[in-house]
Amino acid sequence: METTHDDRARLLERIQALSLKRGRFVLSSGAESDFYLDLRLTTTDPEGAALSARFLLAEAARVDASRIGGPTIGADPLVGAAVASSYHLGRPVRGFLVRGEAKRHGTERQIEGHCEADDRVLVLDDVVTSAGSIVRAIDAVRAAGAEVVGCFCLVDREAGGRERLAEAGVSLTSVFSVREVLGPKADPLPARFTPHTPYLTTDAIVELEPGKVLLIRRGFPPYGWALPGGFVEVGESLEDAVERELLEETGLALQSVEQLHTYSAPGRDPRFHTVTTVFTATARGPARAGDDAKEIALFPLDRLPEDLCFDHAAVLADWRTGRYGSRPIG
């Protein structure tokens, strides 16, 4: 299904008229906000539901998804509207909803509806903030054996959700940013300008013993061993990000850090284009696996694991030979 600029403009008008509330609100995180978005007032409105379904079905077609679904209750009206619209368009797509946890009666399922092994699934929500609920839905879909081919929302609140989904190996497509919904007074950029750039990440080379480098076994796709690291969050410097990621994934506190090189080849990450700045670091504390690291281990540089992710074999080779000014390891 194709969408038009008029569709987008009209949906934005409906969201601003029905769902955008001004005032003082306490969010589920405990933070305070001077606005609130109740997207269900748009997705349960006849015109709002029809327009939302258009964009959802367009994204499902783009990623070739055979199933659409997401966490209840934000996804409920979106899924219903899109499933019904797909039937009338002659290109039916089946839907499902994901409970917060499996029910304890009847079929005892967490996923209600159509989601089976080998399905290509687009996971969705009406709005994405920190992405906690949509990540839990992704975990449930993967546990069912289905493939998550993308995520979709009407509004991205730009509060770290996109980066968290990227860490889970999924790209987010949003119809609007929160800045567009708030209007031109809150957003100095033109309403139709949405920059599309690579994701920014950091990685750390930590030599806890001479000639041995610390690696983590990843808990999300792509699976395998990798340098500790992750996505830079809005408001963080590169140095802040590598310190946070190192602590979250290994429990180690950063002592010193030196920038090695930036790697930006478009194919270095099989999920999407990422640019990473690699640091050499020293750290202290007992090492333990945490966050999305399933396991951590020290590897001699001449006996690195074969299943190194991304371009980390080349990164370590560069570091070892001193190609970018770091001392050789011999």
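In my numbering, the protein residues as written are 30 to 359. Using N, Cα and C, we set each Cβ at its ideal position, and we do this for glycine too.
When DSSP states are grouped into helix, strand and coil, Val263 belongs to the coil group. Remark: C-beta atoms of Val156 and Cys182 approach each other more closely than 7 Å. A straight line joining the alpha-carbon of Asp147 with that of Arg191 spans about 25 Å. Distance check between Ala197 and each of Asp185, Val170, His341 and Leu80 places Val170 closest, using alpha-carbon atoms only. Look at the stretch 74-109 and you find these whole runs of beta strand (DSSP E), each 3 residues long or longer: 96-100. DSSP places Ala343 in the uninterrupted alpha helix (DSSP H) bounded by His341 to Thr350. Excluding residues up to 5 positions away in sequence, Leu256, Gly258, Thr305 and Val307 lie with their Cβ nearer than 6 Å to the Cβ of Asp232 in the same chain. For Leu40, the enclosing alpha helix (DSSP H) has its first and last residue at His34 to Leu47. Counting C-beta atoms within 10 angstroms of its own C-beta, Leu49 has 16 or more neighbours from the protein chains shown and is therefore classed as buried. A distance below 6 Å between beta-carbons, with the five flanking residues on each side excluded, links Val112 to the following residues of its chain, in chain order: Gly124.
Under DSSP, Glu324 shares a beta bridge with Arg246. For Ala233, the enclosing beta strand (DSSP E) covers residues Tyr228 to Val235.
With a cutoff of 7 Å on beta-carbon distance, Ala78 and Leu151 are scored as not near each other. In the three-state reduction of the DSSP assignment, His290 falls in the strand class. Here the stretch 237-257 makes contact with the stretch 313-330; the two share three or more CB pairs at distances below 8 Å.
Its chain contains Leu237, Leu243, Thr279, Gly280, Leu281 and Ile325 as the residues whose beta carbon lies nearer than 8 Å to that of Ala316, once the 5 sequence neighbours on both sides are disregarded; these appear in chain order. When only Cα atoms are considered, His117 and Phe84 end up about 16 Å apart. At least 7 Å separates the beta-carbon of Trp254 from that of Pro329. Arg69 and Leu47 have their C-alpha atoms roughly 9 Å apart. Asp185 sits in a strand when the DSSP states are folded into three classes. When the beta-carbon positions are compared, Ala166 and Pro106 stay at least 7 Å from each other. For the set Ala312, Thr309, Arg297 and Thr303, the Cα lying nearest the Cα of Leu337 is the one of Arg297.
Bridge partners of Phe125 according to DSSP: Gly98 and Gly142. Residue burial annotation: Arg193 is buried, with at least 16 other C-beta atoms found within 10 angstroms of its C-beta. Cys338 is not bridged by DSSP to any residue.
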